[in-house]
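Read left to right, the sequence shown gives residues -13 to 219 (our numbering).
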Amino acid sequence: MTTKNKKIVIAIDGFSSCGKSTFAKAIAARLGYIFIDTGAMYRAVTLFALEQGAIRSGVVDEDAVVALLPQIEITFRFNPRRGASDIYVNGDLAEGRIRSIEVSNCVSGVSSIKQVREKLVAMQQQMGRDRGVVMDGRDIGTVVFPDAELKIFMQADAKVRAERRYKELTEKGDSVTMEEILENVISRDKADMSRAISPLRKAEDAVVLDNSYMNVEEQMEWFLEKYRAAVEA
-13 MTTKNKKIVI AIDGFSSCGK STFAKAIAAR LGYIFIDTGA MYRAVTLFAL
37 EQGAIRSGVV DEDAVVALLP QIEITFRFNP RRGASDIYVN GDLAEGRIRS
87 IEVSNCVSGV SSIKQVREKL VAMQQQMGRD RGVVMDGRDI GTVVFPDAEL
137 KIFMQADAKV RAERRYKELT EKGDSVTMEE ILENVISRDK ADMSRAISPL
187 RKAEDAVVLD NSYMNVEEQM EWFLEKYRAA VEA
(Lines of atoms letter the chains of each structure in order from A and count residues from 1; the text may use other names and numbers.)
(Lines give C-alpha, C1' and ligand atoms only; values in the text may rest on other atoms or scores of the structure.)
Protein backbone atom coordinates (compact mmCIF):
# COMPACT_ATOMS: atom_id res chain seq x y z
CA MET A 1 0.00 0.00 0.00
CA THR A 2 1.42 3.39 -0.93
CA THR A 3 1.82 6.18 1.61
CA LYS A 4 -0.80 8.22 -0.22
CA ASN A 5 -3.41 5.46 0.05
CA LYS A 6 -2.52 4.19 3.52
CA LYS A 7 -5.35 4.60 6.01
CA ILE A 8 -4.79 5.01 9.72
CA VAL A 9 -6.76 5.49 12.92
CA ILE A 10 -6.69 9.04 14.29
CA ALA A 11 -7.55 9.21 17.99
CA ILE A 12 -8.50 12.59 19.44
CA ASP A 13 -8.83 12.88 23.21
CA GLY A 14 -9.08 15.87 25.50
CA PHE A 15 -11.16 18.04 27.77
CA SER A 16 -14.81 18.94 27.21
CA SER A 17 -15.67 21.88 24.93
CA CYS A 18 -12.25 21.93 23.27
CA GLY A 19 -13.88 21.57 19.87
CA LYS A 20 -12.82 17.94 19.49
CA SER A 21 -15.86 16.96 17.44
CA THR A 22 -15.62 20.00 15.15
CA PHE A 23 -11.91 19.34 14.64
CA ALA A 24 -12.48 15.62 14.02
CA LYS A 25 -15.27 16.31 11.51
CA ALA A 26 -13.03 18.69 9.58
CA ILE A 27 -10.24 16.12 9.51
CA ALA A 28 -12.58 13.35 8.33
CA ALA A 29 -13.94 15.58 5.56
CA ARG A 30 -10.43 16.55 4.47
CA LEU A 31 -9.16 12.96 4.35
CA GLY A 32 -12.37 11.18 3.31
CA TYR A 33 -12.35 9.27 6.61
CA ILE A 34 -15.28 8.11 8.74
CA PHE A 35 -15.99 10.32 11.77
CA ILE A 36 -17.22 8.67 14.98
CA ASP A 37 -18.36 10.97 17.79
CA THR A 38 -17.88 8.78 20.87
CA GLY A 39 -18.87 11.59 23.22
CA ALA A 40 -22.27 11.68 21.52
CA MET A 41 -22.64 7.97 22.26
CA TYR A 42 -22.20 8.53 26.00
CA ARG A 43 -24.57 11.48 25.83
CA ALA A 44 -27.11 9.25 24.06
CA VAL A 45 -27.01 6.71 26.90
CA THR A 46 -27.37 9.58 29.40
CA LEU A 47 -30.35 10.99 27.52
CA PHE A 48 -32.09 7.61 27.46
CA ALA A 49 -31.39 7.13 31.18
CA LEU A 50 -32.91 10.54 31.93
CA GLU A 51 -36.00 9.80 29.87
CA GLN A 52 -36.45 6.41 31.54
CA GLY A 53 -36.10 7.80 35.07
CA ALA A 54 -32.73 6.22 35.84
CA ILE A 55 -31.43 9.71 36.66
CA ARG A 56 -33.44 11.91 39.01
CA SER A 57 -32.49 15.38 40.25
CA GLY A 58 -29.03 14.89 38.79
CA VAL A 59 -28.43 11.64 40.72
CA VAL A 60 -27.43 8.66 38.58
CA ASP A 61 -28.86 5.27 39.65
CA GLU A 62 -26.07 3.04 38.32
CA ASP A 63 -28.00 -0.22 38.66
CA ALA A 64 -30.95 1.28 36.78
CA VAL A 65 -28.68 2.55 33.99
CA VAL A 66 -27.01 -0.86 33.62
CA ALA A 67 -30.44 -2.52 33.45
CA LEU A 68 -31.34 -0.23 30.53
CA LEU A 69 -28.25 -1.04 28.42
CA PRO A 70 -29.78 -4.02 26.53
CA GLN A 71 -32.60 -1.72 25.43
CA ILE A 72 -30.32 0.90 23.88
CA GLU A 73 -29.44 0.83 20.18
CA ILE A 74 -27.19 3.64 18.94
CA THR A 75 -26.76 4.39 15.24
CA PHE A 76 -25.36 7.20 13.11
CA ARG A 77 -26.97 8.46 9.91
CA PHE A 78 -25.38 10.94 7.54
CA ASN A 79 -27.27 14.24 7.32
CA PRO A 80 -26.46 15.89 3.96
CA ARG A 81 -27.89 19.21 5.13
CA ARG A 82 -25.35 19.39 7.97
CA GLY A 83 -22.63 17.53 6.13
CA ALA A 84 -22.24 15.31 9.21
CA SER A 85 -23.80 12.31 10.89
CA ASP A 86 -26.71 12.58 13.32
CA ILE A 87 -27.06 10.18 16.24
CA TYR A 88 -30.19 8.10 16.76
CA VAL A 89 -31.31 6.23 19.88
CA ASN A 90 -33.57 3.27 19.14
CA GLY A 91 -34.38 4.84 15.78
CA ASP A 92 -35.27 8.27 17.17
CA LEU A 93 -33.23 11.35 16.25
CA ALA A 94 -31.38 12.52 19.38
CA GLU A 95 -28.75 14.89 17.95
CA GLY A 96 -30.17 18.10 19.43
CA ARG A 97 -31.43 16.65 22.70
CA ILE A 98 -28.09 15.14 23.74
CA ARG A 99 -26.49 18.62 23.81
CA SER A 100 -28.68 20.00 26.61
CA ILE A 101 -27.19 21.28 29.87
CA GLU A 102 -29.13 18.56 31.74
CA VAL A 103 -27.34 15.85 29.76
CA SER A 104 -24.01 17.68 30.17
CA ASN A 105 -24.43 17.73 33.94
CA CYS A 106 -25.02 13.96 34.11
CA VAL A 107 -22.88 12.46 31.34
CA SER A 108 -19.69 12.13 33.42
CA GLY A 109 -21.57 10.08 36.01
CA VAL A 110 -23.00 7.77 33.37
CA SER A 111 -19.73 7.40 31.46
CA SER A 112 -17.93 6.34 34.66
CA ILE A 113 -20.08 3.19 34.91
CA LYS A 114 -17.98 0.16 33.95
CA GLN A 115 -20.70 -1.65 32.02
CA VAL A 116 -21.54 1.46 30.00
CA ARG A 117 -17.93 1.93 28.96
CA GLU A 118 -17.50 -1.76 28.10
CA LYS A 119 -20.57 -1.73 25.84
CA LEU A 120 -19.63 1.46 24.01
CA VAL A 121 -15.90 0.66 23.71
CA ALA A 122 -16.78 -2.64 22.03
CA MET A 123 -19.06 -0.77 19.60
CA GLN A 124 -16.35 1.80 18.85
CA GLN A 125 -13.66 -0.82 18.23
CA GLN A 126 -15.98 -2.60 15.81
CA MET A 127 -16.63 0.68 13.96
CA GLY A 128 -12.90 1.29 13.51
CA ARG A 129 -11.73 -2.19 12.65
CA ASP A 130 -10.96 -1.31 9.01
CA ARG A 131 -8.95 1.87 9.85
CA GLY A 132 -9.62 5.10 7.97
CA VAL A 133 -11.49 6.59 10.93
CA VAL A 134 -11.29 9.70 13.09
CA MET A 135 -12.60 9.09 16.58
CA ASP A 136 -12.83 11.62 19.39
CA GLY A 137 -13.59 11.20 23.07
CA ARG A 138 -11.88 10.83 26.44
CA ASP A 139 -10.09 7.47 26.19
CA ILE A 140 -9.65 6.75 22.48
CA GLY A 141 -5.85 6.75 22.47
CA THR A 142 -5.53 5.00 25.84
CA VAL A 143 -8.33 2.39 25.84
CA VAL A 144 -10.31 2.15 22.58
CA PHE A 145 -7.39 2.33 20.13
CA PRO A 146 -4.09 2.25 22.05
CA ASP A 147 -2.44 1.23 18.74
CA ALA A 148 -3.74 4.27 16.80
CA GLU A 149 -1.11 5.62 14.42
CA LEU A 150 -1.85 9.25 15.35
CA LYS A 151 -3.01 10.32 18.82
CA ILE A 152 -3.91 13.94 19.56
CA PHE A 153 -4.69 15.33 23.01
CA MET A 154 -6.65 18.59 22.89
CA GLN A 155 -6.76 21.18 25.64
CA ALA A 156 -7.75 24.81 26.10
CA ASP A 157 -8.22 27.31 28.90
CA ALA A 158 -11.36 26.51 30.95
CA LYS A 159 -12.79 30.02 30.55
CA VAL A 160 -12.29 29.91 26.78
CA ARG A 161 -14.06 26.56 26.64
CA ALA A 162 -16.94 27.86 28.73
CA GLU A 163 -17.34 30.86 26.42
CA ARG A 164 -17.52 28.55 23.40
CA ARG A 165 -20.10 26.34 25.07
CA TYR A 166 -22.16 29.34 26.23
CA LYS A 167 -22.26 30.73 22.68
CA GLU A 168 -23.31 27.35 21.27
CA LEU A 169 -26.18 26.91 23.73
CA THR A 170 -27.49 30.48 23.64
CA GLU A 171 -27.51 30.45 19.84
CA LYS A 172 -29.83 27.44 20.06
CA GLY A 173 -32.09 29.36 22.42
CA ASP A 174 -31.15 27.61 25.66
CA SER A 175 -31.49 29.70 28.82
CA VAL A 176 -28.13 29.35 30.59
CA THR A 177 -25.63 31.61 32.34
CA MET A 178 -21.90 31.91 31.76
CA GLU A 179 -21.29 31.08 35.43
CA GLU A 180 -23.34 27.88 35.12
CA ILE A 181 -21.42 26.77 32.04
CA LEU A 182 -18.00 27.49 33.57
CA GLU A 183 -18.96 25.52 36.69
CA ASN A 184 -20.05 22.63 34.48
CA VAL A 185 -16.78 22.69 32.50
CA ILE A 186 -14.65 22.65 35.64
CA SER A 187 -16.69 19.94 37.36
CA ARG A 188 -16.60 17.74 34.23
CA ASP A 189 -12.81 18.11 34.02
CA LYS A 190 -12.51 16.93 37.62
CA ALA A 191 -14.95 14.05 37.14
CA ASP A 192 -13.32 12.91 33.88
CA MET A 193 -9.81 12.89 35.34
CA SER A 194 -10.70 11.25 38.66
CA ARG A 195 -13.08 8.47 37.62
CA ALA A 196 -11.98 4.93 38.40
CA ILE A 197 -12.79 3.52 34.95
CA SER A 198 -10.79 4.89 31.98
CA PRO A 199 -9.94 8.31 33.43
CA LEU A 200 -9.10 11.16 31.08
CA ARG A 201 -5.34 11.23 30.55
CA LYS A 202 -2.91 11.90 27.75
CA ALA A 203 -1.45 8.83 26.09
CA GLU A 204 2.35 8.79 26.37
CA ASP A 205 2.75 8.95 22.59
CA ALA A 206 0.05 11.59 21.99
CA VAL A 207 0.85 15.06 20.63
CA VAL A 208 -0.75 18.00 22.45
CA LEU A 209 -2.86 20.62 20.69
CA ASP A 210 -3.74 23.67 22.81
CA ASN A 211 -6.26 25.52 20.68
CA SER A 212 -7.19 28.26 23.17
CA TYR A 213 -6.28 30.95 20.67
CA MET A 214 -6.07 29.09 17.35
CA ASN A 215 -8.53 29.43 14.50
CA VAL A 216 -9.78 26.55 12.35
CA GLU A 217 -7.22 27.11 9.59
CA GLU A 218 -4.31 27.15 12.05
CA GLN A 219 -5.50 23.93 13.65
CA MET A 220 -5.81 22.20 10.28
CA GLU A 221 -2.32 23.33 9.25
CA TRP A 222 -0.95 21.93 12.52
CA PHE A 223 -2.81 18.66 11.99
CA LEU A 224 -1.67 18.08 8.40
CA GLU A 225 1.95 18.29 9.48
CA LYS A 226 1.38 15.65 12.19
CA TYR A 227 -0.70 13.50 9.84
CA ARG A 228 1.96 13.38 7.11
CA ALA A 229 4.60 12.38 9.66
CA ALA A 230 2.36 9.61 11.06
CA VAL A 231 1.56 8.15 7.64
CA GLU A 232 5.17 8.24 6.51
CA ALA A 233 6.24 6.54 9.74
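Even for Gly, the Cβ is constructed at its ideal location relative to N, Cα and C.
Per DSSP, G44 is not a residue of any alpha helix (DSSP H), being assigned neither H nor E. With a minimum length of 3 residues, the unbroken runs of beta strand (DSSP E) contained wholly in the stretch 72 to 123 fall at 119 to 123.
Exposure of M179 is indicated by the presence of fewer than 16 other C-beta atoms within 10 angstroms of its C-beta. For the pair D175 and K100, the Cα-to-Cα distance works out to about 19 Å. If you look at T24, you'll find it in the alpha helix (DSSP H) that goes T24 to E37. With fewer than 16 other Cβ atoms inside 10 Å of its own Cβ, T163 counts as exposed.
Taking the Cβ atoms as the reference, A134 lies roughly 4 Å from V(-5), within the contact range of under 8 Å. The secondary-structure analysis by DSSP pairs I58 with nothing; it has no beta-bridge partner.
Comparing alpha-carbon positions, the option among F21, Y199, S86 and S2 lying closest to K11 turns out to be F21. Membership of L168 in the alpha helix (DSSP H) is indicated by the continuous run M164 to S180. For F139, the uninterrupted beta strand (DSSP E) run begins and ends at L136 to Q141, by DSSP. A distance below 7 Å between beta-carbons, with the five flanking residues on each side excluded, links V171 to the following residues of its chain, in chain order: S2, S3, A144, R147, A148 and R151.
Burial state of D23 is buried, judged by a 10 Å Cβ sphere holding 16 or more other Cβ atoms.
Between A142 and D(-1), the C-beta gap is not smaller than 8 Å, which leaves the two residues out of contact. Note that the stretch 90 to 97 touches the stretch 30 to 46; at least 3 beta-carbon pairs, one per stretch, sit closer than 8 Å. Taken through DSSP and simplified to helix, strand or coil, I126 comes out as helix. Counting of Cβ neighbours within 10 angstroms places F9 among the buried residues, the total reaching 16 or more. DSSP lists no beta-bridge partner residue for N197.
Here the C-alpha atom of D160 lies approximately 17 Å from the C-alpha atom of E169.
At least 8 Å separates the beta-carbon of G44 from that of G123.
For the pair Q112 and M206, the Cα-to-Cα distance works out to about 27 Å.
Selection S98, A182, E165 and D125 evaluated against K6 yields D125 as nearest (Cα-Cα). In the three-state reduction of the DSSP assignment, F209 falls in the helix class, which pools H, G and I.
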